[in-house]
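The structure appears below as C-alpha cells.
There are 2 protein chains.
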Amino acid sequence: MENKKKSTIKDIAAVLGLTPSAVSKALNDHPRISEKTKIAVKEAAIQLDYQPNYLSSALRKGKSNLVGVIIPRVNSHFFSSVVENIEKVLNLNGYNIIMTQSNELYAKECQEIDTLLKIQVDGIIASMANETTDLEYYKKIKSKGTELVLFDRGEEELNVDYVGIDDYKSSHLVVDHLVSQNCKRIAHIAGFKHIRIYKERIRGYKDALEKSGLAAPENWIIESNLRLEDGRRIMQQLLDSPERPDAVYVAGDIAALGALQVLLENNIKVPEEMALIGFSDEPFTSLTQPSISTVNQHSDQIGKLTAEAFLERINNPKKKMINRIILEPELIIRQSSNRNLK
Amino acid sequence: MENKKKSTIKDIAAVLGLTPSAVSKALNDHPRISEKTKIAVKEAAIQLDYQPNYLSSALRKGKSNLVGVIIPRVNSHFFSSVVENIEKVLNLNGYNIIMTQSNELYAKECQEIDTLLKIQVDGIIASMANETTDLEYYKKIKSKGTELVLFDRGEEELNVDYVGIDDYKSSHLVVDHLVSQNCKRIAHIAGFKHIRIYKERIRGYKDALEKSGLAAPENWIIESNLRLEDGRRIMQQLLDSPERPDAVYVAGDIAALGALQVLLENNIKVPEEMALIGFSDEPFTSLTQPSISTVNQHSDQIGKLTAEAFLERINNPKKKMINRIILEPELIIRQSSNRNLK
DNA sequence: TATATTTGTTCAATCGATTGAACAAAAATA
DNA sequence: TATTTTTGTTCAATCGATTGAACAAATATA
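As C-alpha cells, this is what we get:
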C-alpha cells in the first residue's frame with residue numbers, strides 16, 4: 001500500500017539499460033537523443049510514476065522556478081485577488097508561487113524575505129507593509145541577485161518594476177464626485193504619508209479641492225493605519241469637531257466601514273448629512289446599508305500585469321529599463337455618496 | 001554595489017585553510033571539532049555573509065523543513081487565523097510554511113498537492129475543499145511518505161491526525177439557544193452532507209430539535225455551497241414558503257450575511273420575527289446591524305494544536321496512534337438571535 | 001576505399017552540503 | 001618507552017539531475 005520509494009532517473013535507466021544521463025536528456029528533449037529512446041524513456045517514466053526531484057535540478061540549474069509573493073495580509077479581497085491572478089499567469093509559465101503575509105509588520109516582512117531568500121526563490125513580488133520605511137531589506141533582495149517586482153505599495157527609490165493605479169487621479173475622481181453632490185466640507189481619513197500611495201492620495205485630494213475652490217484645513221487630513229477602529233475613532237473625532245464636515249473620503253474600505261458604523265450609531269443620514277467614500281472595492285462595501293461608494297483598483301489587472309512584468313524581468317535580467325505600469329482607477333458610486341438616488 | 005556572489009562553505013574553508021567538511025561540521029556543532037575552530041568558522045561565516053544553501057542541504061538530508069498548508073480560501077478570517085497560528089508554532093521549530101488555496105475547487109486542490117509534493121515539503125496540513133469527495137489525491141500524499149494532518153474539513157476515512165471542533169455539539173448549542181428564545185420553527189441552511197463537518201451539524205440540528213420535541217421537516221434543511229448568494233437565495237425561498245420559519249441556523253457566516261440582507265430588504269424584524277445564527281465568528285458578524293450570533297471555532301487553538309500534532313507526527317513517523325483533537329465550540333449570542341436584549 | 005560528418009550514447013564533473021570512515025597527531029595509560 | 005585512547009581534521013562518497021566533452025557507430029561525401 002505504502003509505495004514509499006520515489007523513482008529516479010537511475011531507476012528508469014536501469015529498466016531500459018541506459019545511463020542516467022541519457023534518460024535525463026531524453027526527458028528534456030535533447031536533440032541528440034533518438035525519437036525511439038525518448039518515447040521509451042517517457043513511457044517508462046510514467047510506468048514508474050517518476051517525478052523529477054525538484055531539489056536536485058534546482059541545485060544543479062541554479063534556478064528554483066519558485067516565486068515568493070509577500071502581501072500585507074491575505075484576508076483582504078484586493079490582495080488575495082491580486083495573488084490569485086499572479087499565480088494564474090506564473091503557473092502557465094512553469095513557476096510556482098509561495099504566498100506569505102507580513103501582517104503589516106516590518107519585522108515579519110524582513111523574516112519573510114529571509115525565508116524566501118533561503119528557499120532560493122528566483123524572484124520576489126511584494127506589496128510593502130504599512131510599517132515599512134527602511135528599504136534595506138528590499139535592497140538586500142536585489143543584491144543577492146534575486147529579482148524583485150512591486151505592486152500597489154511600492155517605493156520609487158528602489159528602482160524596480162512596479163504596477164499600481166494612479167492614486168493621485170483617484171482622489172480627483174472622488175473629490176470631483178463629492179463636489180458634484182454639493183458637498184462643501186470634505187475631510188480625508190488618510191493612510192500614513194510616508195507610504196507613497198497614501199501620500200499621492202493626499203496630494204490628489206488637496207489639489208482637487210483647490211481646483212474646486214474648496215478649503216482643505218490641515219486638521220481635516222487625519223493619517224492612520226486605516227483599520228476598522230481607526231475609522232471609528234477618527235469619524236467620532238470629526239463628528240465632535242466644531243465645524244463638522246459634510247463628506248468624508250476614506251483611503252481604505254475597512255476604515256470606511258468603521259466610519260459608517262459610527263455615523264449610523266449617531267443617527268446621521270448618509271449621504272444626506274454626510275457622504276462617505278472608501279477605497280479598494282472590497283466586497284462588503286456593496287453589502288452594507290447604505291452601500292459604500294469606493295474606488296476600484298482592478299486587482300485582477302494588477303495581478304496579471306505584475307506577473308507579466310516579473311516574467312519579462314526574469315527573462316531579461318540585464319535589461320536596464322524599469323517598467324512602471326499605472327492603471328486608471330474607477331470610481332464606483334453607491335448609496336453612501338449618491339444624493340440623487342435616494 | 002551588487003554583491004551577487006553567494007559564499008559557500010568552500011569559501012570559508014579557503015579563508016581558514018580548512019576543508020569544506022570541517023567547516024560543515026563546525027557549523028553543525030559536530031563534537032569532534034575543536035572549540036577554537038568552531039569559533040573561527042562561525043566568525044568567518046558572518047564576515048562572508050554566508051547563508052547555507054537550502055537546496056543542497058535539503059537534497060542531502062532528504063528533508064526540506066518546508067510544510068505545505070492547503071486551505072479552501074485565504075480570504076476568510078477563520079482560515080487565515082488558523083494558518084497564522086500554524087506558522088507561528090512551526091517557525092519556532094525550524095519549519096517554514098508554504099500557504100496555498102484551493103478556492104474550494106477539487107482540481108485546484110489536486111494541482112496544489114502536486115506542486116507541494118514536487119517541492120518536496122516534509123508534510124502537508126490541509127482543510128479540504130467543498131468539492132472534494134474523491135480522496136485519492138490525499139492518499140497519494142501518504143503513499144509518497146509525506147506526512148499529512150487535517151483540520152476542520154477532514155474525513156475519518158483517511159485515518160490521519162485531525163483537529164477540529166465538535167460540530168454535532170455546536171448545533172445543540174445553537175438549537176437550544178433558539179428554543180430558549182421561544183423559536184418554534186427552526187430551519188437550517190446547511191453545507192453539503194458529503195462533508196463530514198456539515199453532516200455532523202445537520203445531525204446535531206436534527207437531534208437537538210427532536211430533544212426539544214420540535215419538528216424538523218426535511219425541506220427545512222437546505223444544502224448549499226454557503227456562499228453569499230446561496231444564503232440570499234435560500235432565505236428568499238424560505239420566506240416564500242407556506243409555513244415560514246421563525247428562526248434560521250446557517251452553517252456559515254457569509255451565507256448568514258446574505259440571509260440577513262434578504263431579511264432586511266423584506267423589512268422582517270430580526271430577531272423578533274426571524275432569529276438568525278451563523279457559524280465561524282467571522283469579524284463582520286459583529287459589525288452588521290443587527291449583529292449576527294455565531295459559533296466560535298477557536299481558530300487560534302486549532303492552528304496551534306494542528307501544528308503541534310504535525311510536529312509530533314513528523315518526529316515519530318512510525319507512530320501508529322492517530323490523534324483526533326476535538327475542541328469545544330462556543331456560542332456567541334448577538335442581536336440577531338437575542339430577543340431579550342432588544 | 002578513405003575521410004568527413006552526423007547521430008546516439010556514455011563519461012565524468014558539477015551544483016553545495018553532509019557524514020561515516022580513515023588517518024595523523026596529541027594525550028593518556030601501562 | 002611502547003601502547004592505547006582521544007582529539008581534530010581530511011577523504012571520499014552521496015543526494016538526483018544536468019551538461020559539455022568524448023567516443024563509437026552509422027551515414028554521407030570525396
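Sequences listed follow chains E and H, in order.
Under full-length UniProt numbering, think of the first position of the first sequence as 1, with each following residue one higher.
Under full-length UniProt numbering, think of the first position of the second sequence as 1, with each following residue one higher.
Using N, Cα and C, we set each Cβ at its ideal position, and we do this for glycine too.
Quantities reported herein were computed from a predicted structural model and do not represent experimental measurements.
Asked, Found
"For the stretch 11–30 of chain E against the stretch 46–62 of chain E, are there 3 or more C-beta pairs whose distance is under 8 Å?", "yes"
"Answer yes or no: does any C-beta atom of chain E fall closer than 7 Å to that of M99(H)?", "yes"
"Got a sec? Which residues, its chain only, sit under 8 Å from V121(E) by beta carbon, not counting five neighbours each side?", "S64, L66, V67, G68, I98 and T146"
"Using 8 Å as the Cβ pair cut-off and three pairs as the minimum, do the stretch 277–287 of chain E and the stretch 97–111 of chain E touch?", "no"
"Give, in chain order, every residue of the stretch 168–180 of chain E whose Cβ lies closer than 8 Å to some Cβ of chain H.", "none"
"At a CB distance below 7 Å, what residues from the stretch 247–262 of chain E approach chain H? Give them in sequence order.", "L257 and Q261"
"Going by Cα to Cα distance, which pick from Y249(E), K144(E) and N85(E) is closest to H188(E)?", "Y249(E)"
"Using three-state DSSP, classify H177(E) as helix, strand or coil.", "helix"
"Specify the secondary structure class of S34(E) as computed by DSSP and reduced to three states.", "coil"
"Starting from M99(H), trace the beta strand (DSSP E) both ways and give me its first and last residue.", "N96 to Q101"
"Which residues share a DSSP beta bridge with L66(H)?", "N96(H)"
"What's the gap between the Cα of I234(E) and the Cα of S56(H)?", "53 Å"
"Can you find at least 3 beta carbon pairs, one from the stretch 161–177 of chain E and one from the stretch 329–338 of chain E, that sit closer than 8 Å?", "yes"
"Check whether the stretch 71–85 of chain E touches the stretch 69–83 of chain H, counting contact only when three or more Cβ pairs, one atom from each stretch, lie closer than 8 Å.", "yes"
"Can you find a C-beta in chain H that's less than 7 Å from the C-beta of S56(E)?", "yes"
"Starting from A129(E), trace the alpha helix (DSSP H) both ways and give me its first and last residue.", "It is not in any alpha helix (DSSP H) - A129(E) carries neither H nor E in the DSSP assignment."
"Which ranges does the alpha helix (DSSP H) cover as unbroken runs of at least 4 residues, wholly within the UniProt domain \"HTH lacI-type\" (7–61) of chain E, from first to last along the chain?", "9–16, 20–27, 35–47 and 54–61"
"Just curious, the alpha helix (DSSP H) that V262(E) is in, first and last residue?", "D253 to E265"
"Are the CB atoms of E200(E) and D167(E) within a distance shorter than 7 Å?", "yes"
"What residues from the stretch 37–51 of chain E come within 9 Å of chain H, judged by C-beta to C-beta, listed N to C?", "Q51"
"Closest to N315(E) by C-alpha separation, out of E265(E), A251(E), N93(E) and N182(E), would be which residue?", "N93(E)"
"Report whether the distance from the Cβ of N338(H) to the nearest heavy atom of the ligand GDP is below 6 Å.", "Judged by which ligands are present, the structure shown has none, so any question about the ligand GDP falls away."
"Beta-carbon separation of Y137(H) and I119(H) under 7 Å?", "no"
"Secondary structure at F78(E), three-state DSSP: helix, strand or coil?", "helix"
"Out of K318(H), I254(H) and D300(H), which one is the CA nearest neighbour of S291(H)?", "I254(H)"
"Quick check: what's the CA-CA separation for L90(H) versus F310(E)?", "30 Å"
"Taking 7 Å as the threshold (beta carbon to beta carbon), is K342(H) in contact with chain E?", "For K342(H), the predicted model reports a pLDDT of 42, less than 50, meaning its position is unreliable; a value from the coordinates is still stated below. Judged by the 7 Å Cβ criterion, K342(H) is not in contact with chain E."
"Who are the neighbours of T8(E) on chain H, taking C-beta pairs under 7 Å?", "Under the 7 Å cutoff, chain H gives no residues; its nearest Cβ is about 12 Å from T8(E)."
"In whole angstroms, what separates the C-alpha of H194(E) from that of N225(E)?", "12 Å"
"Give the DSSP-derived three-state secondary structure of D134(H) in the structure shown.", "coil"
"Within this structure, are the beta carbons of L260(H) and Q301(H) separated by less than 7 Å?", "no"
"Could you tell me which chain E residues have their CB closer than 9 Å to the CB of L264(H), listed as they occur along the chain?", "Q289"
"Looking only at C-alpha atoms, which of F279(H), T115(H), D161(H) and V270(H) sits nearest to P317(H)?", "D161(H)"
"Is it true that the CB of I221(E) sits closer than 7 Å to the CB of A190(E)?", "yes"
"Check whether the Cβ atoms of A126(H) and I86(H) sit closer than 7 Å, and answer yes or no.", "no"
"When the Cα atoms are used, what is the spatial distance from Q289(H) to E312(E)?", "48 Å"
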